[in-house]
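Q: Sequential numbering of the sequence shown, starting at -19, is according to the numbering used here.
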Amino acid sequence: MNLRLPLYSVFNKKPSEVLFISVVVVIFAVAVLLSIEANVDYRYGFVFFGILVLALFLVKPHVLFYVTILLISFRSVVIWLWGDFQLYISFVEPAIIASFMIWLLYRLGKKGRVSTYVKTGVEIPIILLFIYGLISILWSGEQWYGYYIMFLHLCGILLFFLTVAYVDSIDRFKFAIMLFVLMGIINGILCFYVILSSGQSYNDVIFHTKNHYVTFWFNPEQMLRGQGFMHPLKTAYYLSLSIVFMFGYTYMSRGYRALGFGIMSFMLLSALMTTLSKGPLLSLFVGALLLSVEIPALKKNFIPSWVIFIVLVVVAFIVPRIIFGDINKAVDYTSQTATSSSSETSSLGSRIIRWSKAIDAVYNTYGIGVGAGGFRAFVEPAQLLDSSYFQVFFDYGFIGLWLWLWFLLVSGYKFFIAYKNYPKGKGKDWLLIYLASYITLIFNGLTSETHFFLPIWFIIGAGYALVNVLQKERLI
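Here it is in structure tokens:
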């Protein structure tokens, strides 16, 4: 199997396309210069540039999908809507919608330019959960917020759809995962920057109207926890998945490449430790457990392997904190938030309080849930449930939770069966690494995020794409 990541196969620029891109760049530069010289608002130049870039995406539809992957974790530039600090989008949601519309246009016209969507077998629970969510707005106490939640949910579904459709070769699968991990590395570097800068915060308004405004914000809460372009817990979730894939690169490489990937894996692990998030770390342990029982060399040396892994985790926690001089604060914060079960200020306590509210609310609504977005009326402002399962249970009750688990468990079963049935080789190795990342994702959901967290939909879509590719290309 060809294991290279040929960029030429992704972009494959013909002379006409190179000319088109060159024209776009030149026109943009001229537009900006004219705006400056004529004392015209420079934003007009960027609007014009945006139109030309959209034209580029129409010529090369895959490019916008890859840009979308890069934007999944970029949440530092946000568009606040209608003055509500809980209603906002970033660049990724419009990119997903645009990518889907472009895909649809090509499927209606030049079908050969984009791949068709291959059915996965989990469309029924996905569609039913979304429909139930829309219906639940009728009894939600936060109807406008419910519409917002359903929009985010729709973006997640479309990202899943696009991933299955666009990732139609092993090279595209590896390239998509590489982009995902690349953003993990960038977010990891930012984690170190936050600690080095003693939690310095940035919050600037870029553009605003009467009801909406665009801001750049970074580390707004100044919690002295490492974070990338997202909240520390979101960053940790993302990093835990990136670490599994980076270990996969290490495992499937040899020599200096393996050494380089191994060093990057440790860097990502160290960045994860700066976030002081316990749930993603424990989820990573579960993914590592699968690898340690399925990889023969690790299984043969199970205990020594785990001793080394735990030592690496401890070292990854200590090293950056010693370098940046705040190890005592990190230890105190971790012990306090992990042990207190009655305070909203602790990780464990806040989750127990909110999950208890979810159980009471579902009981009081006879099991149907409080409706899409209805949880906001029961918890403190700007707080989610910190569990994708409780989030679904709170809003959609037993029906929604059953549909969500149907989607996740059937997907996991299909990935596991695919891995077990495939003969030894690189295809099986990729399936093993993917399965470890999927298990990490599943356990992350116990203490982190929501059902509309975009990395969830991308990773699950990538799993189905990988299985489809291996079957289609007979690489199994």
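Every residue, glycine too, gets a C-beta built ideally from N, C-alpha and C.
With the cut-off set at 8 Å, would you say Val342 and Phe373 are in Cβ contact?
A: Yes, these two residues count as a Cβ contact at 8 Å.
Q: Alpha carbon to alpha carbon, what distance is there between Val293 and Pro260?
A: Computed Cα separation, rounded: 13 Å.
Q: When the Cα of Trp124 is compared with those of Tyr173, Pro74, Ala296 and Leu67, which residue comes out closest?
A: When only C-alpha atoms are compared, the closest one is Leu67.
Q: Could you say which of Ser285, Thr427 and Ile117 lies nearest to Ile348 if we only look at CA atoms?
A: For Ile348, the nearest C-alpha among the options comes from Ile117.
Q: Do Val449 and Ser462 come within 8 Å of each other at the CB atom, strictly closer than that value?
A: What is shown of the chain runs -19 to 456, which leaves residue 462 out entirely.
Q: Can you give me the C-alpha to C-alpha distance between Gly443 and Trp437, rounded to a whole angstrom?
A: Gly443 and Trp437: Cα-Cα distance of roughly 10 Å.
Q: Does the structure place the stretch 157 to 164 close enough to the stretch 216 to 235 that three or more beta carbon pairs sit under 8 Å?
A: Yes: at least three Cβ pairs fall under 8 Å.
Q: Less than 8 Å between the CB atoms is what I'm expecting for Ala357 and Gly168, so what's the real figure, rounded?
A: At roughly 37 Å, the Cβ-Cβ gap does not stay under 8 Å, so Ala357 and Gly168 are not in contact.
Q: Which of the three DSSP states, helix, strand or coil, is assigned to Asp151?
A: Here Asp151 sits in helix by DSSP.
Q: Compare the Cα-Cα distances from Val390 to each of Tyr402, Ile106 and Asn191 and report the closest residue.
A: For the residues Tyr402, Ile106 and Asn191, the minimum Cα distance to Val390 belongs to Ile106.
Q: Checking the sheet assignment: what are the DSSP bridge partners for Phe198?
A: Paired residue(s): Tyr182.
Q: DSSP puts Trp60 in a beta bridge; with which residues?
A: BP columns for Trp60 point to Tyr68 and Tyr193.
Q: Closest to Met130 by CA distance: which of Gly206, Ile115, Leu142 and Ser285 is it?
A: Per the Cα distances, Ile115.
Q: Bridge partners of Phe187, per DSSP?
A: Phe187 is bridged to Val194.
Q: Assign Asn448 to one of three DSSP states: helix, strand, or coil.
A: Three-state result, Asn448: helix.
Q: Secondary structure at Lys400, three-state DSSP: helix, strand or coil?
A: Helix at Lys400.
Q: Who are the Cβ neighbours of Met226 in its own chain at under 7 Å, not counting the five residues just before and after it?
A: Correct list, in chain order: Val161, Phe241, Met244, Ser245 and Leu248.
Q: Helix, strand or coil for Arg356 per DSSP?
A: Helix at Arg356.
Q: Answer yes if the stretch 417 to 428 comes into contact with the stretch 265 to 277, meaning at least three C-beta pairs across the two stretches below 8 Å, and no otherwise.
A: Contact between the stretch 265 to 277 and the stretch 417 to 428 is present, because at least three Cβ pairs lie under 8 Å.
Q: So what's Val98 in DSSP terms, helix, strand or just coil?
A: Reduced to three states, the DSSP call for Val98 is coil.
Q: Look at the Cβ atom of Tyr97, then the Cβ atom of Val144, and state whether they are nearer than 8 Å.
A: For Tyr97 and Val144, yes; Cβs fall inside 8 Å.
Q: Would you give the residue range spanned by the alpha helix (DSSP H) that Phe241 belongs to?
A: Residues Gly235 to Thr254.
Q: Would you report the Cα separation of Met232 and Phe355, rounded to the nearest angstrom?
A: Looking at the two C-alpha atoms, the distance is approximately 44 Å.
Q: Between the alpha carbons of Thr533 and Leu50, how many angstroms are there, rounded?
A: The first residue shown for the chain is -19 and the last is 456, placing residue 533 beyond what the model contains.
Q: If you draw a straight line from the alpha carbon of Trp60 to that of Phe141, how long is it in whole angstroms?
A: Cα to Cα, Trp60 sits roughly 27 Å from Phe141.
Q: Can you tell me which of the three DSSP states Tyr127 falls into?
A: It is helical.
Q: Please classify Lys154 as buried or exposed, where buried requires at least 16 neighbouring CB atoms within 10 angstroms.
A: Flag for Lys154 reads buried.
Q: Out of Ile439, Leu262, Ser177 and Tyr229, which has the shortest C-alpha to C-alpha gap to Leu213?
A: Out of Ile439, Leu262, Ser177 and Tyr229, Leu262 has the C-alpha closest to the C-alpha of Leu213.
Q: DSSP three-state call for Arg205: helix, strand or coil?
A: In this structure, Arg205 counts as coil in the three-state DSSP scheme.
Q: Buried or exposed for Asp184, going by 16 or more other Cβ atoms inside 10 Å?
A: Classification for Asp184: exposed.
Q: By DSSP, does Lys337 sit in helix, in strand, or in coil?
A: Looking at Lys337 - three-state DSSP - the assignment turns out to be helix.
Q: Compare the beta carbon distance of Leu170 and Trp384 with 8 Å and say whether it is the shorter of the two.
A: No. Outside cutoff.
Q: Going by CA-CA distance only, name the one from Tyr112, Tyr46 and Thr48 that's closest to Trp382.
A: Considering only alpha carbons, the answer is Tyr112.
Q: Check this for me: beta carbons of Ser70 and Tyr146, under 8 Å apart or not?
A: It is not a contact, given that the beta carbons lie outside the stated cut-off.
Q: Since Phe423 and Ser368 should fall inside the 8 Å C-beta cutoff, what is the C-beta to C-beta distance between them, to a whole number of angstroms?
A: About 11 Å; that fails the 8 Å criterion.
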